[in-house]
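In order, the protein sequence lines correspond to chains Y and R. Quick note: our numbering has the first sequence finishing at residue 214, numbered continuously throughout. Quick note: our numbering has the second sequence finishing at residue 371, numbered continuously throughout. For glycine and all other residues, C-beta sits at the position ideal for the given N, C-alpha and C. On a predicted model such as this, the values are computed, not experimentally measured, just so you know. Read through the structure below, which is laid out as structure tokens, and then see the notes.
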Amino acid sequence: MKWENFRFALFEKAPEALWEHSLIVVITITLAILISVPLGIFLSRPKFKKFGLVTLNILNLLQAVPGIAVIALALPILGLGMKPAIVALLFQSLLPIVRNTIAGLLGVSSDVKEAASGMGMSQRRILLEVELPLAVPIILSGIRTATVYVVSIGTLASLIGAGGLGNLIMGGLALFRPEYLLVGAGLGALMAIFLDRMINYLEHRITPPGMGAE
Amino acid sequence: MIELEQITKQYPGQAMPAVDKLFLSIPKGEICVLVGPSGCGKSTILRMINRMIEPTSGIVKINGEDVTRTDPDQLRMGIGYVIQQIGLLPHRTIAENIAIVPRLYKWPKEKIRKRVDELIVMMGLDLEKTRGKYPAQLSGGQMQRVGVARAMAVDPPIMLMDEPFGAVDPIARTHLQDELLRLQKEIKKTIVFVTHDINEAIKMGDRIAIFDAGKLVQFGTPEEILTNPINEFVEDFIGRDRVVKKLNLYLAEDAMQPIGCVVKGNELHTAAQKMKDAGAEVAFLLNEEGKACGQITVSDTEEFGRDIEGLRKRVLRTEKAFVQTTTPFPDALSLLLEYDTDYLGILKGEELCGMLSFKGIRKHVYRKEGE
């Protein structure tokens, strides 16, 4: 191991890789939330509950395909670059968020919903003012799982030219430079831990006092 | 006034309708209790009034207007609704919970704040301590107070209460019942109250509707039902001690008799003569301030003769054998038994205004029974 290589990896290569990686994670998770939360809401409505199980099974299947296989499959269909990588990662990050959205919404006490509806709150209002606020901690917990997942699987995205921390890891492997590997993997791990803690903190912040979550 | 006309509710997949061709007319400004064993359809009936459940057939009318003409959310905003599980929003403070319906009506903020404060005080809760708290920080009894306050927020003329006090401990329940009755004297709402507890029904109801298997079995005042149960089911449901239960409906003043004779503290030696002159079986002793402090019976005077001090001691034994005009019969009976006496003095505040006797209670109940 050479200090020189280490320094080069950390200060010359890492900033760009980290930026690209963050971009992939943020875009993927944002899209995943935009798709999953409405989908979860939809599937938790009494009328559409019957579709819930089917959808969850499909998402489960998608989740079960190894990340590297999804990335590899994305290549011939979607080509190279960041866009196909994000699409591939998206498939893998939907499940935890959809699942937790449904669980969170269905977990809201039926007494609370009954009382709200008995007072004349419309279904829309109940969703926005009662169900979603009460489900948010659980939805966030799903987002946290998905985020950590995308950070780690995101390193594989460099295989199809999306860049990111994966570049450092793959580069290190190809050039027999363990310093690159160390920096890429280390930063990836730090990023995952950081995001995990940050969202965890958010979960606690928005859980109203007296709800007895802890 | 709420009218149910030929209401039937048939749940899919069930052989028997939950509610079967029901006619019921609930008068304005009264508490009407729907009571019956579980599964008799009483909650279903309640929930059809605010369209939480839609009847299979039949019409529900409020003040002559068919409820299906109003949008369900609008209808419910105008009807107070209290359920056993309370259902406070756990992520909202007590003040915010009470403010829900006023907010739906888009009241101005200042008006909402004032009303919320007023209701918290009205429900006997500590204003400053309660407002900012979350539901989980309150006891069951306090939560149900908030539940009732929330239902009364916009002062709706009708309140629906589905076993509202069923989940709170017995002491809190008694308090809540007493307070609701006290409030009702002022607010005069039309309250439909569901319970499975016949004692609660007798206590709370101006009128009681007894249901069995989706059918109305008997509808009447508690007195009518306890006096003339229409069939064996009602007899069983209200219990074999129905006449004892009926005692709860009467107050000491209902069977009050005039005082035959009073004796001042320093005239105890004249008691026997005074009672003889007045033809009274009992006399009440007044102390220097004119306050009643015991009773003397003819047999007491015979037993003690000239032993005035002995007599005084005996009289003071019954120092607390007094009831207020508003004391219900059961409490008065308990005192009669406790002091092993036939009479109780009736006080209005501090002042002696009459007496109650075992015989009087019996006569009063019998007279009602015979009617």
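For E114 of chain Y, the chain R residues whose Cβ falls inside 7 Å of its Cβ are I83 and G87, in order along the chain. Shown here for L183 of chain R: same chain residues with a beta carbon closer than 8 Å to its own, the five before and five after excluded, namely M122 in chain order.
Using a 10 angstroms sphere on the CB of Q84 of chain R, the tally of other CB atoms reaches 16 or more, which defines it as buried. Note on the stretch 26–50 of chain R: whole alpha helix (DSSP H) runs with a minimum of 4 residues are 42–49, in chain order. Counting along the chain, I27 of chain Y sits inside the alpha helix (DSSP H) bounded by residues A14 to S44.
Excluding sequence positions up to five before and after L335 of chain R, its CB lies within less than 7 Å of the CB of A321, V323 and L344, all in the same chain and listed in chain order. Here the stretch 56–74 of chain Y lies against the stretch 156–165 of chain Y, with 3 or more beta-carbon pairs under 8 Å apart. For R145 of chain R, the closest alpha carbon among the candidates R:L180, R:D162 and R:N228 is that of R:L180. Excluding five sequence positions before and after K61 of chain R, the CB atoms of its chain that fall closer than 6 Å to its own CB belong to E3, given in chain order.
Contact between T56 of chain R and Q10 of chain R holds: CB atoms are separated by about 5 Å, below the 8 Å threshold. With respect to chain Y, the C-beta atom of V101 of chain R has a partner C-beta closer than 8 Å. In the three-state scheme derived from DSSP, where H, G and I count as helix and E and B as strand, E131 of chain Y is classed as helix. Interface criterion not met: the Cβ of L105 of chain Y is under 8 Å from no Cβ in chain R. Leaving aside the five residues that flank L125 of chain R on each side, the residues in its chain whose CB is nearer than 7 Å to its CB run, in chain order, Q142 and R145.
For M52 of chain R, the C-beta contacts it makes with chain Y under 8 Å involve E114, S117 and G118, in order along the chain. At a cut-off of 8 Å, the C-beta of D206 of chain R has no neighbouring C-beta in chain Y. Rounded to whole angstroms, the Cβ separation of V101 of chain R and V148 of chain R is 13 Å, and the two are not in contact under 8 Å. Interface residue (Cβ-Cβ distance to chain R less than 8 Å): M121 of chain Y is classified as such. For the set R:V298, R:E309, R:L352 and R:D331, the Cα lying nearest the Cα of K245 of chain R is the one of R:D331.
With contacts defined as CB atoms closer than 8 Å, M204 of chain R and I31 of chain R qualify as a contacting pair. When secondary structure is reduced to three states using DSSP, K264 of chain R falls in the strand class. A check of alpha carbon separations from L46 of chain R across R:M159, R:Y105 and R:G78 identifies R:M159 as the nearest. Around the Cβ of T101 of chain Y, a 10 Å sphere holds 16 or more other Cβ atoms; the residue is buried. With its beta carbon at least 8 Å from every one in chain Y, L46 of chain R lies outside the interface.
With its beta carbon at least 8 Å from every one in chain Y, Q295 of chain R lies outside the interface. For E338 of chain R, the uninterrupted alpha helix (DSSP H) run begins and ends at F329 to E338, by DSSP. With 16 or more neighbouring CB atoms inside 10 Å of its own CB, Y81 of chain R falls in the buried class. Collapsing the DSSP output to three states places M1 of chain R in coil. Here A174 of chain Y is exposed, its C-beta having fewer than 16 other C-beta atoms within 10 Å. Under the three-state reduction of DSSP output, Y343 of chain R falls in the strand class. Beta-bridge partners assigned by DSSP to I79 of chain R: R:I158. Using beta-carbon distances, V130 of chain Y counts as an interface residue toward chain R, with a partner under 8 Å. The three-state secondary structure of D254 of chain R, taken from DSSP, is helix. Counted as a single uninterrupted DSSP element, the alpha helix (DSSP H) harbouring T174 of chain R occupies residues P170 to I187. For the 8 Å CB-CB criterion, D340 of chain R and S357 of chain R do not form a contact. Distance between N287 of chain R and I120 of chain R, taken at the CA atoms: about 44 Å.
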